[in-house]
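What follows is a set of notes on a single structure, which appears directly below.
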Amino acid sequence: MSEEKFDAIIVGGGKAGLTAAYVLANAGLEVLLADRGGFCGAKNVTGGRLYAHSMEKVIPGFADEAPIERKVTHEKISLMTEKSSLDIGFSSSKLSEEPGSASYTILHSKFDQWYAEKCEEAGVMMVPGIRVDSCVVEDGKVVGIDAAGEIMYSDVVILADGVNSLLAQRLGMKQELTTHDVAVGVKEVIKLDEETINQRFGVRGNEGVAWMSAGDPTCGGLGGGFLYTNKDTVSVGIVATLADIGYADISTPDMLDRFKEHPSIKPYIEGGQPIEYSAHLVPEAGIHMVPELVRDGVLLAGDAAGFVVNLGFTVRGMDFAVESGRLAAEAVIRAKEAGDFSKEGLSSYLKALDESFIMKDLNALKGFPTLLSRREMFKDLPEMTEDIFSKLFTVTGKPSMDFVMYVINSLASHLSVAQLTSLVGDIVDAF
Ligand SMILES: Cc1cc2nc3c(=O)[nH]c(=O)nc-3n(C[C@H](O)[C@H](O)[C@H](O)COP(=O)(O)OP(=O)(O)OC[C@H]3O[C@@H](n4cnc5c(N)ncnc54)[C@H](O)[C@@H]3O)c2cc1C
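So this is what it looks like as structure tokens:
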């Protein structure tokens with residue numbers, strides 16, 4: 000293997016790496032993809048909701064053949080306290096009316112294995128079970144990879160090795176992550192039969208539910224809980240910002256156990272058998288953590304490039320990973336045509352990113368990390384809604400206080416004028 004030189008080597012077989020490999024191989028390039036997992040989908044973690052638009056550009060109609068679980072037809076957002084939950088539900092056929100606007104629940108272990116098979120069929124040399132230790136650099140240019148002393152050469156290396164990207168850190172392209180850059184996510188897959196899921200969640204056939212919640216799931220700390228319905232399992236998890244982990248004096252796995260016992264969540268998962276448990280970091284800082292993306296002979300894609308948007312009511316990393324993998328591959332194809340794998344030769348990647356939804360969304364939503372780092376969003380807001388709505392819906396026979404006054408009193412007891420003013424400022428900035 001060490002004698003052979005590839006057109007491209009890809010490190011990481013998640014959505015970003017698999018997409019890059021698939022696009023390159025279909026363009027006739029010699030591609031090797033290395034992943035440290037025993038199979039693609041073994042080591043990486045996702046909550047489980049894939050927005051389909053970017054996959055549609057790579058494999059049109061992929062959902063007809065890929066192992067998707069359900070199509071999301073029902074959205075739910077909850078603000079929770081220990082005893083209450085204010086829920087907003089939305090279900091509509093409009094959720095997937097526009098071409099490419101559908102979203103699906105998936106399980107990585109099935110989906111990524113299917114995608115890896117597609118890559119293999121396209122001619123990619125898939126090498127699971129090897130951890131790449133570093134990139135090989137000659138005269139300042141990346142020319143290959145080193146895996147336990149075995150050197151493999153290529154014109155270009157695409158680093159799609161996930162949120163930490165130790166390889167990009169070793170090249171000096173990416174800083175070590177800070178606790179403000181990432182959240183820790185823990186997730187359980189719970190087995191329930193299909194009919195039970197349909198009955199409990201009020202869905203039919205392949206309809207599915209995406210449910211995000213904030214407040215009590217992280218005990219008022221920064222982050223939230225999620226629940227996605229799969230065919231005959233439910234994915235349930237917590238994402239908690241690392242910098243805030245000590246706030247609630249409870250570990251993230253314990254938060255998940257607590258979340259599963261919440262009166263709003265428990266009835267949906269009761270009696271189910273946990274069959275999978277995983278934990279992983281999630282990039283959180285948006286545009287603020289995007290590293291150097293291109294150097295001579297090397298590009299970064301997916302989580303390695305920090306391409307994730309967390310809006311609280313939705314987490315998007317997989318569609319960013321797929322899109323950036325495709326754009327990285329297309330830049331490599333152009334570089335091969337020009338015979339130039341220098342930073343300059345690969346720079347069409349940066350232009351393509353700027354023109355794509357990736358940089359546009361990261362820029363448009365650059366205020367969100369600040370908004371979502373405010374304690375008021377996770378503690379005061381859920382407590383205030385509990386105050387206000389329990390008042391609104393409780394009739395005791397005692398004279399009612401004027402409701403508007405009650406809302407004003409509740410606001411005043413939770414937030415100072417200065418807090419409220421700066422919160423409104425952050426909300427305006429975020430949107
Ligand atoms: C709990 C949680 C919930 C989430 N929920 C959602 C969601 O609902 N929707 C959504 O769109 N996004 C979600 N995300 C984010 C999304 O999962 C990621 O953004 C996306 O999967 C990143 O894909 P990737 O290909 O860049 O990286 P990954 O999928 O992390 O793949 C990186 C791969 O690189 C391999 N690797 C790493 N280092 C090496 C090495 N040195 N040598 C060889 N191989 C290596 C790993 O084994 C791994 O397979 C969530 C993330 C988490 C953790």
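So in numbering that gives the first Met the number 0, spot 266 of the sequence shown is number 265, and the numbers just go up one at a time. C-beta atoms are modelled at their ideal positions from N, C-alpha and C, and glycine is treated no differently.
- Checking the 6 Å criterion, the Cβ of residue 317 is within range of a heavy atom belonging to ligand 1.
- In terms of Cβ geometry, residue 80 and residue 253 do not form a close pair [threshold 7 Å].
- The criterion of a C-beta distance shorter than 7 Å is satisfied by residue 57 and residue 18.
- Within its own chain, the residues whose Cβ lies closer than 6 Å to the Cβ of residue 210, once the five positions on either side in sequence are excluded, are 75 and 226, listed in chain order.
- Here residue 151 really is in contact with residue 144; their C-beta atoms are around 5 Å apart, less than 8 Å.
- A distance below 7 Å separates the beta carbons of residue 22 and residue 325.
- Three or more pairs of CB atoms, one per stretch, sit closer than 8 Å, so the segment 20-38 contacts the segment 312-331.
- Spatial neighbours of residue 385 in its own chain (CB-CB distance under 6 Å, excluding positions within 5 residues in sequence) are listed in chain order as 80 and 83.
- Counted as a single uninterrupted DSSP element, the beta strand (DSSP E) harbouring residue 69 occupies residues 69-79.
- In the three-state DSSP reduction, residue 169 falls in the helix class (H, G or I).
- Spanning the alpha carbons of residue 332 and residue 205 requires a straight line of approximately 38 Å.
- At the C-beta level, residue 380 and residue 425 stay beyond 7 Å of one another.
- When DSSP states are grouped into helix, strand and coil, residue 325 belongs to the helix group.
- For residue 34, the CB falls within less than 6 Å of some heavy atom of ligand 1.
- Closest in alpha carbon position to residue 117, among 241, 407, 180 and 12, is 12.
- Listed in chain order, the alpha helix (DSSP H) runs fully inside the segment 133-201 are 165-170 and 193-200, counting runs of at least 4 residues.
- Bridge partners of residue 31 according to DSSP: 8 and 124.
- In the three-state reduction of the DSSP assignment, residue 274 falls in the strand class.
- Shown here for residue 360: same chain residues with a beta carbon closer than 7 Å to its own, the five before and five after excluded, namely 308 in chain order.
- If you draw a straight line from the Cα of residue 77 to the Cα of residue 355, it is about 31 Å long.
- Boundaries for residue 22: no beta strand (DSSP E) harbours it, while the alpha helix (DSSP H) harbouring it runs 14-25, taken from the DSSP string.
- Nearest in C-alpha terms to residue 147, of all of 154, 302 and 129, is 129.
- A Cβ-Cβ contact shorter than 7 Å links residue 67 with residue 103.
- Between the alpha carbons of residue 168 and residue 161 lies a gap of roughly 12 Å.
- Taken atom to atom, the span from the alpha-carbon of residue 269 to that of residue 276 is near 17 Å.
- Per DSSP, the continuous alpha helix (DSSP H) segment holding residue 251 begins and ends at 251-259.
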